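There are 2 protein chains.
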Amino acid sequence: MLIKIMQNVLEANDNKAAELRAQLNKQNIFVVNLISSPGSGKTTILEKTLPLLAAKNIRAAIIEGDIATDKDAKRLEPFNVPVALINTDGACHLESVSIEKALQSFALDAIDIIFIENVGNLVCPAEFDIGEDVKVAVLSTPEGTDKVSKYPLLFHEASLVLLNKIDLLEYLDFHVQTFYNDVAKIHPDLKVIEIAASKNIGLEEWVDWLEACVEKKKKTMRHD
Amino acid sequence: MLIKIMQNVLEANDNKAAELRAQLNKQNIFVVNLISSPGSGKTTILEKTLPLLAAKNIRAAIIEGDIATDKDAKRLEPFNVPVALINTDGACHLESVSIEKALQSFALDAIDIIFIENVGNLVCPAEFDIGEDVKVAVLSTPEGTDKVSKYPLLFHEASLVLLNKIDLLEYLDFHVQTFYNDVAKIHPDLKVIEIAASKNIGLEEWVDWLEACVEKKKKTMRHD
Chain A
41 MLIKIMQNVL EANDNKAAEL RAQLNKQNIF VVNLISSPGS GKTTILEKTL
91 PLLAAKNIRA AIIEGDIATD KDAKRLEPFN VPVALINTDG ACHLESVSIE
141 KALQSFALDA IDIIFIENVG NLVCPAEFDI GEDVKVAVLS TPEGTDKVSK
191 YPLLFHEASL VLLNKIDLLE YLDFHVQTFY NDVAKIHPDL KVIEIAASKN
241 IGLEEWVDWL EACVEKKKKT MRHD
Chain B
41 MLIKIMQNVL EANDNKAAEL RAQLNKQNIF VVNLISSPGS GKTTILEKTL
91 PLLAAKNIRA AIIEGDIATD KDAKRLEPFN VPVALINTDG ACHLESVSIE
141 KALQSFALDA IDIIFIENVG NLVCPAEFDI GEDVKVAVLS TPEGTDKVSK
191 YPLLFHEASL VLLNKIDLLE YLDFHVQTFY NDVAKIHPDL KVIEIAASKN
241 IGLEEWVDWL EACVEKKKKT MRHD
């Protein structure tokens, strides 16, 4: 009985996600679901990414998922993009019904890309479709080499990994080759970009990747 | 209906946890539920702690919670203590029914302390009583200053915080005073021990704390 009800919850979530995806596709908006452990650097990555996108005339909006507090949302306020905050009040991941509400606060025809910063958690967010085009996993080098094999679902589902805090490598026991070997085992096509967001390292490749995604989305829709 | 069933699940978990706690109390075994984000250093802390406890003739056992793989369990095998592995197969936290099974694999009359290394997750494990005497939260400095206020439940529930990777402070933007202020707001009595497990810094205070807990447990039971 519990299992059946959990299935219903997941089904309801996925149906709503499919609905949101169809709506956002119609409006040519590219959606990134950003997932990582607490403290891997998701918000810092957004702080550094927003000005680079603005310089390319790509119009972004943010949905901030947090268990408690508006700290991350406040950090992104100065960047002059719409920021919608979802406090999950203890829940360990975002669901599509909250995303729907957040979207209603945006002027969608003035947006090219939406970043959804999920709750800091390497496990649960990977299980819930929230209408995104891609899941981007952030892994930071201080978390250790073994995270890809220990938390395989996210790395299986992700379209891109940002390997963050690469500037700390010399102080850590992180084995870069083992990391790449584990990625190759779990998801052979998975793209990795090495960055150090707080030091502005590697961000150009990441922003070029985002730009290509946004462009591709617009072209795809034009041919529909 | 879903809410009622979730309550039943939590109730069943808590009832089983109370049962385990009563059993472990009778046997004077002190139980630590170790909780943190992925990569904060729980396994490394155990690797460094086990020899120090052995030197004090404190007999330890480990229950390893992992979503997939036996990597952490394998790392602890060389320390000549009983290690029981629970693979949660995707689940984001341990529950007391799994702990009961793990305990059945131990010779409990030859154990003074059990460490339960929970799934790497700052959210869900804090919600589930698994029969422990104390929750010990591990937070590592690369995760950032804001984690206490952003994930308040764990720090509210914990009896001790190990602030790990303190050796990296000079390379990071971690504000020690803000961290302590946040701790004081959420849980004024919460004890903090600063450590760098991989560098053997601060471990003596941690092991002394454990020893005092084990001793207290034995004395309490003698007077019952």
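In order, the protein sequence lines correspond to chains A and B. In the working numbering, each number is its position in the first sequence, counted from 1, plus 40. In the working numbering, each number is its position in the second sequence, counted from 1, plus 40. For every residue, glycine included, the Cβ atom is placed at its ideal position computed from N, Cα and C. Note that the coordinates shown come from a computational prediction; the quantities given were computed from them, not determined experimentally.
Note that the C-beta distance between Ser189 of chain B and Lys114 of chain A is not below 9 Å. Nearest to Glu135 of chain B by alpha-carbon distance, out of B:Pro78, B:Gln217 and B:Ile103, is B:Ile103.
Between Ala177 of chain B and Phe146 of chain B, the C-beta gap is not smaller than 9 Å, which leaves the two residues out of contact. The beta-carbon distance between Gly160 of chain A and Thr128 of chain A, rounded to whole angstroms, is 11 Å. This is too long to meet the 8 Å contact definition. Taking the Cα positions, Ala198 of chain A is about 9 Å away from Ala166 of chain A. Shown here, Asn221 of chain A sits in a helix according to DSSP, grouped into three states. Under a criterion of Cβ atoms nearer than 9 Å, the residues of chain A adjacent to Ser189 of chain B are, in order, Ala108, Thr109 and Lys111. Interface with chain B (9 Å Cβ-Cβ cutoff): Lys88 of chain A is excluded.
By the beta-carbon neighbour count (other beta carbons within 10 angstroms, threshold 16), Thr218 of chain A is exposed. In the DSSP secondary-structure assignment, Ala100 of chain A is bridged to A:Ile153. By the neighbour-count criterion, in which 16 or more other beta carbons inside 10 Å mark a residue as buried, Lys259 of chain B falls on the exposed side. Contact of Asn127 of chain A with chain B by beta-carbon distance below 9 Å is absent, the smallest such distance being about 11 Å. In chain order, Pro182 make up the part of chain A whose C-beta sits under 7 Å from the C-beta of Lys205 of chain B. By the Cβ-count criterion, Asn53 of chain B is buried, with 16 or more other Cβ atoms from all chains shown falling within 10 Å of its own Cβ. Restricted to the segment 50–106 of chain B, the beta strand (DSSP E) segments that are unbroken, complete and at least 3 residues in length are 70–75 and 100–106, listed in chain order.
Contact check for Leu212 of chain A and Thr181 of chain A: beta-carbon distance about 6 Å, within the 8 Å limit, so the pair qualifies. Pairwise C-beta distances place the segment 74–94 of chain B out of contact with the segment 138–156 of chain A, as fewer than three of them are shorter than 8 Å. In the DSSP annotation of this structure, the continuous segment of the beta strand (DSSP E) that includes Ser180 of chain A starts and ends at Val174 to Ser180.
Look at Leu116 of chain A here: in three-state DSSP terms it is helix.
Straight across, the Cα-Cα distance linking Glu234 of chain A with Lys205 of chain A is about 8 Å.
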